[in-house]
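In full-length UniProt numbering, the protein residues as written are 1 to 391.
Cβ atoms here follow ideal geometry from the backbone N, Cα and C, with glycine treated the same way.
Report on the structure given below.
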Amino acid sequence: MISCSCRYGREDLDVLGLTFQKDLLLCVRKMWPPSSQSSKTVKSKSTRSWKCHRHKESIKNKEIENSTTQTSVLERLAESSQNEEVIFTSGFEHSYAQRRLMARLGPKAYPFRIKIPPFAPSSITIQPSEEEADKLCGVTYELSAFIGKRMSESNMQNSSVSILIRKLTSGPPLHLRPIRPSCVQNTKAPMFECYGTITVTLNLDKSLFYHDENIPVQLSVENASRLSIRKVRIAILQIAELYMVTKGSYRSVVDSLRVRDGVPIGSGTKDWTQKFVLQAALTDVNKKRGLALDGLLRNEKASLASSTVYRIPPNGTPYHEMLWSTFGDILQSYETNVAKELQGIIISYVVRAQCWVGLSVITAQIPFLLMHPSSTDSVNGHNKFTVKPKW
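Below you can see the structure in the form of structure tokens.
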């Protein structure tokens, strides 16, 4: 069984049967005895529910309706092609580790392969504090194997094992990075009519950066006003948007720099231009609560979360059927908020430049993408996983 869940609340807040967790993807496949039945993608639904004894009949009716809709979804999934499965048990090439295990265990070994849908959300973990619980907020993937009919049975703790895995967003390889003109953001702030205008220009040499790379930034200011610019600051911001319950977003500073050379910028200055180098990496300085990470695992080097690339899957795919059974007719909408809600947490990055003029602030910001190169040579070892048995 492979499950993808999004937790948007701390574990100590789960009281009175209310859990701040929502399942985005759930797929179950029977390994033994072997059968030709395809993997079943179960309807994902929120686990938020109030346990009230007064409404037992209504709850039973809802469960019957959910079971009927779930069976109809599974029937449509069974009629789909076998190439759209999530968990494969045959028809694929075995890896080196699988061949060694099969040679050692013999007929007791049942190899399988996982194919996560490309529209599934990426693994994201919100940087916790030292006093928070083990269940972290974010999007996590868990691969479980158990003996029995249901995972929720009471004796499953003694006959189940789980593995935490990560799904990362990869960009093009290093030698195929798109070469485009520099990204420029120009902000012209008119002051009072008697004071003039101030133009702030922010420049990036490319729109795609990889993790642990330096980001060169060029800032140009044209002060055609009677006032002087007393302070200039440049920063890289990480924007996290949550679409679980209600839309909420917050910004975290990844790296910041206060410009001191040539400041204050006097009136009439036209050729004020400086270059800076910022770092979009997780260091000991910016390790603070609230930063989004790429699926934090134990004994692994953590990195900042990659930029989210999202779109609604096309009609006819099993993943679209599962989303349709969960969200209903909302998938027929072409709004971007719908696609964002299916991802759980949306991550984006911007470079922001701020200029203080008197009591007002002039802001110019430009977005960019932060990803991992899609090569086999992983610098941070993101292809690894850890095993956490549940005995």
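If Val86 and Ile165 are in contact, beta carbons under 8 angstroms, what's the gap, nearest whole angstrom? Val86 to Ile165, Cβ: 13 angstroms. No contact.
Which of helix, strand or coil does DSSP assign to Gly268? coil
Which of helix, strand or coil does DSSP assign to His175? helix
Exposed unless 16 or more other CB atoms sit within 10 angstroms - verdict on Ala240: buried
Meets three-Cβ-pair contact criterion under 8 angstroms: the stretch 345 to 353 and the stretch 226 to 238: When Cβ pairs closer than 8 angstroms are counted between the two stretches, the stretch 345 to 353 is seen to touch the stretch 226 to 238, the count reaching three or more.
Under 8 angstroms by Cβ, that's how I've got Leu168 and Ser122 pegged, so tell me the actual separation to the nearest angstrom. 6 angstroms
So what does DSSP say about Pro117, is it helix, strand or coil? Pro117 sits in coil when the DSSP states are folded into three classes, being neither helix nor strand.
Residue interval of the beta strand (DSSP E) (run including Leu291): Counting along the chain, Leu291 falls outside any beta strand (DSSP E), and DSSP gives it neither H nor E.
Just confirm the distance between the C-beta atoms of Leu304 and Ala281, as a whole number of angstroms; I'd bet it's less than 8 angstroms. 7 angstroms
Along the chain, where does the alpha helix (DSSP H) that runs through Tyr96 open and close? Tyr96 to Leu105
Please name the residue or residues paired with Trp356 in a DSSP beta bridge. Lys231 and Val361
Cβ pair Val200, Val184 closer than 8 angstroms: no
With distance defined between alpha-carbon atoms, name the residue in Ser360, Cys27, Leu24 and Ile366 nearest to Ile198. Ser360
Inspect the beta-carbon positions of Ala278 and Ile215 and report whether they are closer than 8 angstroms. Reading off the sequence, residue 278 comes out as Leu, not Ala. Contact: yes.
Expressed to the nearest angstrom, what Euclidean distance is found between the alpha-carbon atoms of Leu291 and Arg7? 15 angstroms
Any idea if Thr308 is buried or exposed, counting beta-carbon neighbours within 10 angstroms, 16 or more meaning buried? Burial call: buried.
Pull up the distance between the alpha-carbon of Ser267 and that of Gly196, whole angstroms please. 10 angstroms
Look up Lys188 in the DSSP assignment and say whether it is helix, strand or coil. In this structure, Lys188 counts as strand in the three-state DSSP scheme.
C-beta atoms of Arg29 and Thr89 nearer than 8 angstroms: Closer than 8 angstroms, so yes.
Identity of the residue in Lys115, Gly91, Val161 and Ala97 nearest Asp25 by Cα: The sequence shown places Leu at residue 25, not Asp. Ranking Lys115, Gly91, Val161 and Ala97 by Cα distance to Leu25 puts Lys115 first.
Where Lys287 falls: helix, strand or coil (DSSP): coil
Classify Asp294 as buried or exposed, calling it buried when 16 or more other Cβ atoms lie within 10 Å of its own Cβ. Burial call: buried.
Should Ile370 be labelled buried (16 or more other beta-carbon atoms within 10 Å of its own) or exposed? Per the sequence shown, the amino acid found at residue 370 is Leu instead of Ile. With 16 or more other Cβ atoms within 10 Å, it is buried.
To the nearest whole angstrom, what separates the beta carbons of Gln238 and Ile346, a pair I think is in contact under 8 angstroms? Actually they are not in contact, since the Cβ atoms of Gln238 and Ile346 sit about 11 angstroms apart, beyond 8 angstroms.
Buried/exposed call for Lys22, threshold 16 Cβ in 10 Å: buried
Less than 8 angstroms between the C-beta atoms of Ser374 and Pro172, yes or no? yes
Hey, how far is the Cα of Ser252 from the Cα of Leu105? 49 angstroms
Range of the contiguous beta strand (DSSP E) that encloses Thr199: Note, Thr199: beta strand (DSSP E), Gly196 to Leu204.
Quick one, are the C-beta atoms of Asn223 and Thr269 less than 8 angstroms apart? yes
Is it buried or exposed, Gly138, if we count other Cβ atoms within 10 angstroms and call 16 or more buried? buried
Roughly how many angstroms lie between the CA atoms of Glu65 and Ala109, to the nearest whole one? Caution applies to Glu65, whose pLDDT of 45 falls short of 50 and renders its modelled position unreliable; the model cannot decide the point.
Once you ignore the five residues that flank Gly358 on each side, which residues in its own chain have a CB closer than 7 angstroms to its CB? Leu227
Tell me whether the beta-carbon of Gln127 lies closer than 8 angstroms to the beta-carbon of Lys275. Pairing Gln127 with Lys275 gives a Cβ-Cβ distance that is not under 8 angstroms.
Helix, strand or coil for Lys43? Go by DSSP, reduced to three states. At Lys43, the pLDDT of 44 sits below 50, so the modelled position is not reliable and the matter cannot be decided from this model.
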